[in-house]
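Undergrad: Could you have a look at this structure, given as C-alpha cells, before my questions?
Encoded structure:
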C-alpha cells in the first residue's frame, strides 16, 4: 500500500458543508446552553452526535438518529440497560493464561464493539481515564468489576461514583487504600489515595473559577486548592478498609489478604484512625467517628467543593466533544452539574445531556466555520474504523472469553491498551499542550513520529482486512465494492461513513483521481478506504 499525503488541517477545522447536508434552521444563539432540536437531523448532524457518543458510527445508527431525532436518541441511550463485562473464568482461557488483565481487555473490546448501550460505555471509558487504575499494578481479575462499576454509575450521580470508586477493590489495590491502617504515634497514614483523589479525581491542585480557569492572588500566582495537612487528614479518613468476605461482611482480622473483587471493601473500625480531622474549607470531623462515618463526611466535603463541577465537566467535555471547549461552554455545563434544574447536584444524566446538546457541541452540525474536536485516541480510532467497515468476529473455534484479546496488538504500538496506563496520570494529560503552540489537545500527548507511522500501518491493516480474528468485507461484492464502478460515488459513501458527509472538495478530487486508474475493483475500494482513514481529516474528530 502506498501513501497519499493529504494536508493536515487545523484541529477541528470544518470545511464547507454541502447544501444538502445543512439544516433548514440553526440555533438562535451560539451562547445558549442548549442547541436547537432538529426535526429531521441531517446525516451530518446524526453522525456527529454518534461520533461523540459511541465507539463507532454505523449506517444503521445514522438512520435511527435521523428517524427519532437527537434528543430522543440521547434519551434512548440513557435508558438502555447496562451491558456488563463478564467475570473472568477460572481457570483462565488459553488466550490470556498467566495475565487475567488481557482477558479483561478482550471483554472490553467485545463490549465496545457489540453492546447496544454505546453512550454508557463511552462515558465509562472516559471515566476510566479520569479515575485511573491499571492492570500493570492491580490484579486483572479486579478490572471487570471496576469497569462495570463505572458503567453502572455513568448516568447516576457523581457522588455515587465517588463512593463506589473509593470502595472498589481495584482502586483500593491500585492506590494502597486497601489495608491502610491507622498510623503509629508520630507517623502518617498512607497518602496515595488521599492525594490523588483531590489532585486528579475531583478538584485539581489549584482553585478554579466556574469556567475551569485558574484563580490567582494579588501577585498573579495560582491558589492551592488544598494543603499537605489536609492530604494527611484525608489519609487518616481512608484508614480501616480491607477486602470483604465472600458474604460482603468485614473480616475478623485486619489486614486481610484474601481478595474479593466482586464486592466493595469492608470497614474494620479497630484499624481506623478515630482522631479529629480538619478537611477542606475548615470542615472538622469530630473524634470518635466510625470508619464509614468519616468516609461519608469526607466524600461529602469534597463533593461540595466549588472546584468539583468545572474540574470534572471540562474533562468530560474533552473526552466526548472537544479538546478546547470555550470557558463559557465549561461554565454552562458546570451550572447543570451544580443544579440539574430540580436542585440536584452532580446529576450525571443531566450533565451528559448538557455536554452533548450544548450549542458548542452541536455548532459543527450546521456551522461550517466551527473549529473544534479532538484527535481520535488509539482505542477509539480502532473501534470506529472497525464499526464503519462492519468487521465481524470470526473466532468461532475459540473459547468465547478471550476471543477479542488480539485487538490489544493494534493499539499497543500507539501507546494505549484499555485500563493499562503506565501511571495514575492516564495515557495523556487533560492539560497537554501541543509543543510550539498554545493548543490544549490531550490526545496529542500520544502523538509522535513513531505513532504517526504506526497509525499509518494500522490504517493499512484495516483497509487490507488484516485484523487477526476478524473479517471486514471490502471485496467487489461488498456494499462499497458495488459502488466502486463509480469512483465519485464510492468516495461520497466513505465521506458519509467517516467524515460526517463533509469531505473537503480537494480531498475528494485527489482520492477520486488516485483510484480511478485502478482496474481491480477490490483494490480500488481498499485504496480509497486507506486514503480516508489515514487522513488528518479523519484522525481528528471534528
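In this note's numbering, the protein residues as written are 104 to 645. For every residue, glycine included, the Cβ atom is placed at its ideal position computed from N, Cα and C.
1) Checking the sheet assignment: what are the DSSP bridge partners for residue 182?
2) Report buried or exposed for residue 608, applying the criterion of at least 16 other Cβ atoms within 10 angstroms of its Cβ.
3) Are residue 604 and residue 147 touching if we call contact CB-CB under 9 Å?
4) Is the separation between the beta-carbon of residue 435 and that of residue 641 shorter than 9 Å?
5) By Cβ distance below 7 Å, which residues in the same chain neighbour residue 195 in space, the five residues on each side in sequence not counted?
6) Taking the C-alpha atoms as reference points, what is the distance between residue 248 and residue 209?
7) Which residues in the same chain have their Cβ closer than 6 Å to the Cβ of residue 611, if we skip the five residues on either side of it in sequence?
8) Might you give, ordered along the chain, the residues of its own chain that have their beta carbon closer than 8 Å to the beta carbon of residue 132, omitting 5 neighbours on each side?
9) Within 10 Å of its beta-carbon, does residue 588 have 16 or more other beta-carbons around it, so buried, or fewer, so exposed?
10) Just to confirm, are residue 482 and residue 457 a CB contact at a threshold of 9 Å?
11) Express the C-alpha separation of residue 406 and residue 557 in angstroms, rounding to a whole number.
12) Quick check on residue 632: does DSSP put it in helix, strand or coil?
13) Which ranges would you report for the alpha helix (DSSP H) in the segment 449-490 if only whole runs of at least 4 residues count?
14) Assuming residue 314 and residue 413 are in contact, meaning their beta carbons sit under 8 Å apart, how far apart are those beta carbons, in whole angstroms?
15) Compute the Euclidean distance between the alpha carbons of residue 274 and residue 186, then round it to the nearest angstrom.
16) Going by DSSP, what residue range makes up the alpha helix (DSSP H) through residue 555?
17) Measure from the alpha carbon of residue 278 to the alpha carbon of each residue in 285, 269 and 624, then state which is nearest.
18) Which two residues bound the contiguous alpha helix (DSSP H) that contains residue 586?
19) For residue 371 and residue 350, which I take to be in contact (beta-carbon distance under 8 Å), what is that distance rounded to the nearest angstrom?
20) What are the partner residues of residue 647, as DSSP defines its beta bridges?
21) For residue 235, does the count of other Cβ atoms within 10 angstroms reach 16, so buried, or fall short, so exposed?
22) Three or more C-beta pairs under 8 Å: does that hold for the segment 611-621 against the segment 560-574?
23) Ordered along the chain, which non-local residues of its own chain (more than five positions away) have a Cβ less than 6 Å from that of residue 535?
24) Thinking residue 631 and residue 597 are a contact (beta carbons under 8 Å), I'd like their distance in whole angstroms, please.
25) Are residue 570 and residue 494 touching if we call contact CB-CB under 9 Å?
26) Runs of 3 residues minimum, wholly inside the segment 284-351: which ones carry the beta strand (DSSP E) assignment?
27) Where residue 360 and residue 346 are concerned, what is the direct C-alpha to C-alpha distance, given to the nearest angstrom?
28) Tell me, please, whether the segment 506-520 touches the segment 220-233 by the rule of three or more beta-carbon pairs shorter than 8 Å.
29) Distance check for residue 251 and residue 217, CA to CA, integer angstroms please.
30) Closest to residue 600 by CA distance: which of 586, 492 and 144 is it?
TA: Reading off the structure:
1) Position 79 of the chain shown, counted from the start, is the residue given in the question as residue 182. Looking at the DSSP assignment, residue 182 forms no beta bridge with any residue, so it has no partner.
2) Residue mapping note: residue 608 aligns to position 505 of the chain shown, counting from 1. The residue in question, residue 608, is exposed, as its Cβ has fewer than 16 Cβ neighbours within 10 Å.
3) For the purposes of this step, residue 604 is taken as the residue at position 501 of the chain shown. For the purposes of this step, residue 147 is taken as the residue at position 44 of the chain shown. The answer is yes: Cβ separation under 9 Å.
4) Stepping through the chain shown from its first residue, residue 435 is reached at position 332. Stepping through the chain shown from its first residue, residue 641 is reached at position 538. No.
5) In the chain shown, the residue the question calls residue 195 occupies position 92. 203 and 206.
6) For the purposes of this step, residue 248 is identified with residue 145 of the chain shown, where counting begins at 1. For the purposes of this step, residue 209 is identified with residue 106 of the chain shown, where counting begins at 1. One C-alpha to the other measures close to 14 Å.
7) The residue given as residue 611 occupies position 508 in the chain shown. Answer for residue 611: 594, listed in chain order.
8) Position 29 of the chain shown, counting from 1, holds the residue named residue 132. Bear in mind that the predicted position of residue 132 carries a pLDDT of just 40, short of 50, making it unreliable; the figure below should be weighed with that in mind. 462.
9) Taking the chain shown and counting its residues from 1, one reaches residue 588 at position 485. Exposed, because fewer than 16 other Cβ atoms sit within 10 Å of the Cβ of residue 588.
10) The count along the chain shown starts at 1 and reaches residue 482 at position 379. The count along the chain shown starts at 1 and reaches residue 457 at position 354. No, Cβ-Cβ distance for residue 482 and residue 457 is not below 9 Å.
11) Against the chain shown, residue 557 aligns to sequence position 454. Against the chain shown, residue 406 aligns to sequence position 303. Roughly 41 Å separates the two Cα atoms.
12) For the purposes of this step, residue 632 is identified with residue 529 of the chain shown, where counting begins at 1. Residue 632: helix per DSSP, three-state reduction.
13) 451-460 and 462-469
14) As a position in the chain shown, residue 314 is number 211, starting the count at 1. As a position in the chain shown, residue 413 is number 310, starting the count at 1. Right, the Cβ-Cβ distance comes to about 6 Å (below 8 Å), so this counts as a contact.
15) Position 171 of the chain shown, counting from 1, holds the residue named residue 274. Position 83 of the chain shown, counting from 1, holds the residue named residue 186. One C-alpha to the other measures close to 22 Å.
16) Residue 555 sits at position 452 when you count from the first residue of the chain shown. Element bounds for residue 555: 552-566.
17) Locating residue 278 in the chain shown gives position 175, counting from the first residue. Nearest C-alpha to residue 278: 269.
18) Here residue 586 is taken as the residue at index 483 of the chain shown, counted from 1. Per DSSP, residue 586 belongs to the alpha helix (DSSP H) from 582-586.
19) Indexing the chain shown from 1 puts residue 371 at position 268. Indexing the chain shown from 1 puts residue 350 at position 247. Actually they do not touch by this definition, with Cβ atoms about 15 Å apart.
20) No answer is possible for residue 647: the residues shown for the chain start at 104 and end at 645.
21) If you number the chain shown from 1, residue 235 lands on position 132. Its Cβ being crowded by 16 or more others within 10 Å, residue 235 is buried.
22) no
23) Position 432 of the chain shown holds residue 535. Cβ within range, chain order: 545 and 548.
24) Locating residue 631 in the chain shown gives position 528, counting from the first residue. Locating residue 597 in the chain shown gives position 494, counting from the first residue. 6 Å between Cβ atoms; contact.
25) As a position in the chain shown, residue 570 is number 467, starting the count at 1. As a position in the chain shown, residue 494 is number 391, starting the count at 1. Contact: yes.
26) none
27) By 1-based counting over the chain shown, the position of residue 360 is 257. By 1-based counting over the chain shown, the position of residue 346 is 243. Going by the C-alpha atoms only, they are around 7 Å apart.
28) no
29) Counting from 1 along the chain shown, the entry for residue 217 is found at position 114. Counting from 1 along the chain shown, the entry for residue 251 is found at position 148. Roughly 16 Å between the two C-alpha positions.
30) The residue labelled residue 600 in the question sits at position 497 within the chain shown. Closest option to residue 600, Cα to Cα, is 492.
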